[in-house]
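Residue numbers (our numbering): 8 to 430.
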Ligand SMILES: NC(=O)c1ccc[n+]([C@@H]2O[C@H](COP(=O)([O-])OP(=O)(O)OC[C@H]3O[C@@H](n4cnc5c(N)ncnc54)[C@H](O)[C@@H]3O)[C@@H](O)[C@H]2O)c1
């Protein structure tokens, strides 16, 4: 590692991590093409990037693409439970990436690792949840002049960054990768849908068929989770606060209830709102004995764990690797998965690589865009340029071997005109 600092669990896991990266790479043809072009064109030469992302095999392949483009990347985790320790080792050992991430790190270590990643003195930041950007603004205001821009991966991070822009404190432009259609329509919906169910099943091995599953939030993630839970035979109830989304859930065929009513019926609760205290004391008070709680939203605040703890007798009992049993005063037991953190990343492996292929293609191309145009942008949150979104969709179709039609000149003219009506 040429004396560069890093902090990971165990370097001897590197071979295993490399195999995992190679397996993921098979499913990431779009990112691979970008990597090959980057290797030829070197658009990121001399650029230092501090990235705070889930340290998974897919992220490792993104890092490889950025390196191929000439960037020097430092990486830390965007969640204390999502790191794949073998992948972290592979990045350090085979790719000389300074990685600061250990699965299960405590909150203090988590923030220390972000600090170490920032010590890389980035020209660009890549974030998933905005913890790195937030720390940079609070602790290193003097470094802003060197920064060209940043990218943000998830809904919650985009919301935080927009709040910073609104208050006039955001010091450099950010591209909201989450808002690209080729990101959230697929990653948040199909990725979270499948991997959340995967995480819950790996953690519990419960049968979903016939169970009542309550999905809180019918956004992109919630839609995917509800769809996949139904596909496995669960009776799905949706809770919402947005009338349009509630209506959509109802018309998609789900029961829609206020959480206070759903709480009495659910066997399994999955939160995906990006909001706080969706499951709270009044809900725990009426839940069935044996209810299982899981979260797929970005932060571990959707389930009010301190309230659950206060209502319980004694310490929670770990009954399986990612399952903690809370016994309430009246003897009912409630099971919390993965400490209320992103269950798909903590108890499973996060999204399938094929979907991260598109999210990370957007990341790589947005980074390239920021290197070219960052200096000309305002201190605002920007959408991913439409050309990038379209290019990612086109490339993905191409690599899937799917061909589509093209507008004829006549059709183009027709769509651009207003004169012709009924004939
Ligand atoms: N687990 C993962 O891998 C993963 C992947 C992508 C996004 N995320 C995270 O998941 C969360 C949701 O993301 P999204 O893209 O679906 O966001 P979204 O904005 O599309 O959906 C959130 C939904 O929750 C609803 N909501 C808010 N407060 C509520 C409440 N009190 N009760 C019921 N519903 C409520 C909103 O009305 C909205 O419809 C975010 O925190 C995001 O960062 C997680």
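Using N, Cα and C, we set each Cβ at its ideal position, and we do this for glycine too.
| task | Identify, in the order they occur along the chain, each residue of the same chain with its Cβ nearer than 6 Å to the Cβ of residue 196, setting aside the five sequence neighbours on each side. | result | Translated into the one-based positions of the chain shown, residue 196 becomes position 189. Here the set comprises 227, 230 and 231.
| field | Simplified DSSP state of residue 391, which is helix, strand or coil | value | As a working note, residue 391 is residue 384 in the chain shown. Coil, per DSSP.
| task | Following the continuous beta strand (DSSP E) through residue 134, name the residue where it begins and the one where it ends. | result | Indexing the chain shown from 1 puts residue 134 at position 127. Unbroken beta strand (DSSP E) run through residue 134: 131–134.
| request: Could you tell me the boundaries of the beta strand (DSSP E) in which residue 431 lies? | output: Here the chain comprises residues numbered 8 to 430, so residue 431 is not present and cannot be evaluated.
| query | Per DSSP, residue 302 is paired with what? | reply | Against the chain shown, residue 302 aligns to sequence position 295. Paired residue(s): 278 and 349.
| task | May I ask whether a heavy atom of ligand 1 can be found less than 8 Å away from the beta carbon of residue 120? | result | Your numbering for residue 120 matches position 113 in the chain shown. No, since every heavy atom of ligand 1 falls outside the 8 Å radius drawn around the Cβ of residue 120.
| task | List the DSSP bridge partners of residue 334. | result | As a position in the chain shown, residue 334 is number 327, starting the count at 1. Answer is 340, bridged to residue 334.
| message | Starting from residue 55, trace the beta strand (DSSP E) in both directions and tell me its first and last residue. | response | As a position in the chain shown, residue 55 is number 48, starting the count at 1. Residue 55 -> beta strand (DSSP E) spans 55–59.
| task | Consider the C-beta atom of residue 133 and the heavy atoms of ligand 1; say whether any pair is separated by less than 8 Å. | result | For this step, residue 133 is matched to residue 126 along the chain shown. Answer for residue 133: no, Cβ out of range of ligand 1.
| query | Looking only at its own chain, which residues have a Cβ that is under 6 Å from the Cβ of residue 424, when we skip the five neighbours before and after it? | reply | Counted from its first residue, the chain shown places residue 424 at position 417. Excluding residues within five positions, none has a Cβ falling inside 6 Å.
| request: Sort out for me which residues DSSP pairs residue 183 with in a bridge. | output: Indexing the chain shown from 1 puts residue 183 at position 176. Residue 183 is bridged to 159 and 390.
| said: Excluding the 5 residues flanking residue 72 on each side, which residues of the same chain have their C-beta closer than 7 Å to its C-beta? | reply: Within the chain shown, numbered from 1, the residue matching residue 72 stands at position 65. Answer for residue 72: 38, 41, 42, 45 and 371, listed in chain order.
| field | DSSP bridge partner residues for residue 80 (one or two, in chain order) | value | If you number the chain shown from 1, residue 80 lands on position 73. Residue 80 pairs with 56.
| query | According to DSSP, is residue 14 helix, strand or coil? | reply | Mapped onto the chain shown, residue 14 falls at position 7. Residue state, collapsed to three classes: strand.
| The alpha helix (DSSP H) with residue 380 in it runs from where to where? | Numbered from 1 along the chain shown, position 373 holds the residue referred to as residue 380. Element bounds for residue 380: 360–380.
| task | Note down, one range per segment and in chain order, each alpha helix (DSSP H) of at least 4 residues found wholly within the segment 203–240. | result | 227–238
| task | Would you tell me roughly how many angstroms separate the C-alpha atoms of residue 155 and residue 12, rounded to the nearest one? | result | As a working note, residue 155 is residue 148 in the chain shown. As a working note, residue 12 is residue 5 in the chain shown. Distance between the alpha carbons of residue 155 and residue 12 is about 24 Å.
| said: Going by DSSP, what residue range makes up the alpha helix (DSSP H) through residue 66? | reply: Position 59 of the chain shown, counted from the first residue, corresponds to residue 66. 64–75 is the extent of the alpha helix (DSSP H) around residue 66.
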